[in-house]
Structures are given as C-alpha cells and as structure tokens.
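For what it's worth, the numbering used here labels the leading residue of the sequence shown as 24, then goes sequentially. See structure below.
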Amino acid sequence: MDETPEYLLGYQLRRDPQLADWQLLDQRQRLLLRGSLQDCAKLRLRLLRQRYGPGRMNLPLRTFGGRQLWMDILLCAGWRIQQHVVSGHARLLDPQLRRRAWGSVAQMRIHLETERLRQGLRWQQPQLVLLVHGILRSAQSMNGLARHLNDQGFQAHTLTYASSQVGVERAGACLANLIQGLVGIDRLDLVGHSMGSLVIRQALAQLGPEQQARIGRLVFLGPPSQGSMVAESMHDWWLYRWLTGPAGQDLRPGSAQQLAVPNHPTLVIAGSRGIGIGRLRGIGKESDGTVSLEEAQLPGATLHTLPTGHSFMMDNVEAQVAVWAWLRGEQPPRAGS
24 MDETPEYLLG YQLRRDPQLA DWQLLDQRQR LLLRGSLQDC AKLRLRLLRQ RYGPGRMNLP
84 LRTFGGRQLW MDILLCAGWR IQQHVVSGHA RLLDPQLRRR AWGSVAQMRI HLETERLRQG
144 LRWQQPQLVL LVHGILRSAQ SMNGLARHLN DQGFQAHTLT YASSQVGVER AGACLANLIQ
204 GLVGIDRLDL VGHSMGSLVI RQALAQLGPE QQARIGRLVF LGPPSQGSMV AESMHDWWLY
264 RWLTGPAGQD LRPGSAQQLA VPNHPTLVIA GSRGIGIGRL RGIGKESDGT VSLEEAQLPG
324 ATLHTLPTGH SFMMDNVEAQ VAVWAWLRGE QPPRAGS
C-alpha cells in the first residue's frame, strides 16, 4: 500500500506509464527528475524546504490535543496537522499529542512528509474509523469508543475541531478537505456524536464521486438530525450564544433540516432515558435529555434506541457494542440482550 501523496504543494509524483520509474513534475508540469519513488520524493522535499523554510524553532511539548481553538486539517497514521482558528498558524502533533513543529500550513505539510519518509509512517490497515465529537466537547470525549473499536480490530482515530468557535458549514468543509487528503485509506467509516453527526453530513455533501466511493458506514449517536428544540428555546440567550458560538445556532431545527441526508448505510443511536437541559426546560418528549427520539431520526437510517443519556452516550457499553456491530455490517443487538 503506497502512501506517498501524489501532489504536495504543487509538485507531482507520477509513475511513468511505459517504464517502471517515477517522474517528479513541477507546477508547470515540467520534468525535474526521473528515477525511483524515494529519490523523487526526497528531491521534492528539498525543493519545498528551499521555498518555504524550516518553520519556527520548536520544543516537543505535550499539548492537550487542540480543544476549542484548533482544527485537524490532515491526518497520517496518528500524526495530525492542526490549524488555529484565530491566528491561522499550524502545528504538527505526533500520536502522543506532542508538538513536533509549528509554523505555516505549508511548512507543517513538509515536516509531516519528512517524518513519513524518515519513519516509514503508514496506516496499519486501509480501513479507518473517524470519530467526530459534539459541541463543547473535544476529541478526548471519544477516546473510550476509539479504544473499544481498536480492541476489536478496527483502526479508529478521533477528530479535533473547534466546535464552539466555528459553525457546521466551516467544520464540515474542513472535514471534507481532510477526507480528500487521506492517503492509504480505501474505506472510511464515520461516527459522530451529537453535533458531530451534522458536521459529517455537511462534509459528505461536499465530496465528489471518487471520495464518496471510499465512504463505508455511518453511525450517529444522539444526533439532532431534525434540529433541537433545546437549541431553539435557548438560541437568543446571551450565555448560550457566548458558549456555543455559531454552531449553537446551527443546531436549531431550521438549520439542521437543510443538510443533505447521506446516501450511505446509517445507524442512528438514540437515547430514551436521560437527564439534561431538555428535561429542565420542560421539553417533555421521550429523549436522551437533550435530543428527542423524533429529532434524532433520519430518513433511510436504522434507528436503535437505548436507555441512556446524551452527554456520555459514546461511553455506554451497549452503544459501543452497537457501533461495533454496525461497522461489521451487522444489526446491533437489542437493548438489554
């Protein structure tokens, strides 16, 4: 499985259709080198370092992984490039969330490609499960589910995005670009909790046929598929607007219902027993405490109901088993079985 990116900052690696060697082409499609893949990739890096520079001086400090100010824009075998939503500068994190470099996005792509060549970075398998967290949460909130899936033989990774700083449209566009930049992945399954499901739907609507063909199965946990009356009831509260930013308005029924319905096998896991802001606000329908069963349902999707609440649904053992079963191509077991 070759994981060398074909295009990198304008330079293209292309296999000669008549010979066994490779070609390195510049932005004007001029031939710079003909030879082995390794030699062409090394020359490309050398030219890019000359153009963009080495980046900022760095100490490999442990980070919190992003939280509410960073967006994952590129993933490679557990390494990730993140971009700051305010300043626009980027950083490269290793699988232990240590910052290995920082600077411009272009410089981080060069650093990541350098590490890929130096360490032989590659995905463990060509199937990836990407977990997308909900509003006001972080990638760490999906770690329990990721561990469960990894223990069962899947390759699961969490996604970081600034859920309180950007709306669904921007988060979805970022996810779509990230999916397009995945190299070495033949099948991608997506699991979203709460607002994460809307981000996934927004991203899928922006993918072309070639990328759509890589998408396998979807799982939405506690999704406000039809919007949330809780968000509607609080949308003009100053505290709610301050905490949730533009994404809080995207959870209202009018916004969520405009998103396209995915054309992929989809499982909706909805909670029927939970204490949350919805109960406190007197929204009395059967719900997980935040999203009602009616709001969670999505046309064409399989609905699986569990007696659990909204905020920690992804840590519920029955929910984790249901996700695992669905990604295996099976129906989830009945609750309590």
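Beta carbons are placed, not taken as given, at the ideal position from N, Cα and C, and that holds for glycine. These numbers come from a predicted model, not from an experiment.
Which residues DSSP lists as bridging residue i, in chain order
| i | result |
| --- | --- |
| Met-336 | Partner(s): none; Met-336 has no beta bridge. |
| Gly-126 | Ala-113 |
| Phe-243 | Gly-215, Val-291 |
| Gly-58 | Trp-45 |
| Cys-99 | Trp-102 |
| Trp-93 | His-107 |
| Ser-315 | Ser-310 |
| Gln-150 | Arg-210 |
Whether residue i touches residue j by CB criterion (7 Å)
| i | j | result |
| --- | --- | --- |
| Leu-116 | Arg-103 | yes |
| Gly-363 | Gly-294 | Lying outside 24 to 360, the shown extent of the chain, residue 363 is not represented and no answer is given. |
| Val-383 | Ala-254 | Outside the displayed span of the chain (24 to 360) sits residue 383, for which this structure offers no information. |
| Trp-45 | Leu-55 | no |
| Leu-47 | Leu-66 | yes |
| Arg-122 | Leu-84 | yes |
| Ile-409 | Met-218 | Here the chain covers residues 24 to 360 and nothing more, so residue 409 does not appear. |
| Gly-297 | His-327 | no |
| Leu-135 | Gly-88 | no |
| Pro-285 | Arg-240 | no |
| Gln-225 | Val-189 | no |
| Phe-243 | Ser-278 | no |
| Asp-209 | Pro-149 | yes |
| Ala-129 | Gly-78 | no |
| Gln-203 | Gln-235 | no |
Span separating the alpha-carbon of residue i from that of residue j
| i | j | result |
| --- | --- | --- |
| Val-152 | Leu-31 | 25 Å |
| His-216 | Glu-26 | 29 Å |
| Met-337 | Asp-212 | 16 Å |
| Glu-29 | Gln-354 | 38 Å |
| Met-24 | Gly-207 | The predicted position of Met-24 is uncertain, since its pLDDT is 40 and thus under 50; no value can be drawn from it. |
| Phe-335 | His-112 | 32 Å |
| Phe-177 | Leu-97 | 20 Å |
| Val-291 | Met-165 | 17 Å |
| Val-108 | Gly-312 | 31 Å |
| Pro-247 | Leu-227 | 17 Å |
| Leu-92 | Arg-160 | 12 Å |
| Asp-63 | Arg-38 | The sequence shown places Cys at residue 63, rather than the Asp named in the question. If you take the alpha carbons of Cys-63 and Arg-38, they lie about 10 Å apart. |
| Met-257 | Gly-323 | 30 Å |
| Arg-53 | Gly-33 | 12 Å |
| Arg-10 | Glu-138 | One cannot answer for residue 10 here, as it falls past the ends of the chain, which runs 24 to 360. |
| Leu-329 | Gln-281 | 27 Å |
Inter-residue CB distance, residue i and residue j (contact presumed, cutoff 8 Å)
| i | j | result |
| --- | --- | --- |
| Leu-172 | Ala-179 | 4 Å |
| Gln-175 | Trp-347 | 5 Å |
| Leu-230 | Ala-199 | 6 Å |
The region 256 to 264 contacting the region 315 to 323, beta-carbon criterion three pairs below 8 Å: no
Touching by the beta-carbon criterion (3+ pairs, under 8 Å), the region 335 to 347 and the region 266 to 273: no
Segment contact, 8 Å Cβ cut-off, at least three pairs: the region 69 to 79 with the region 138 to 156: no
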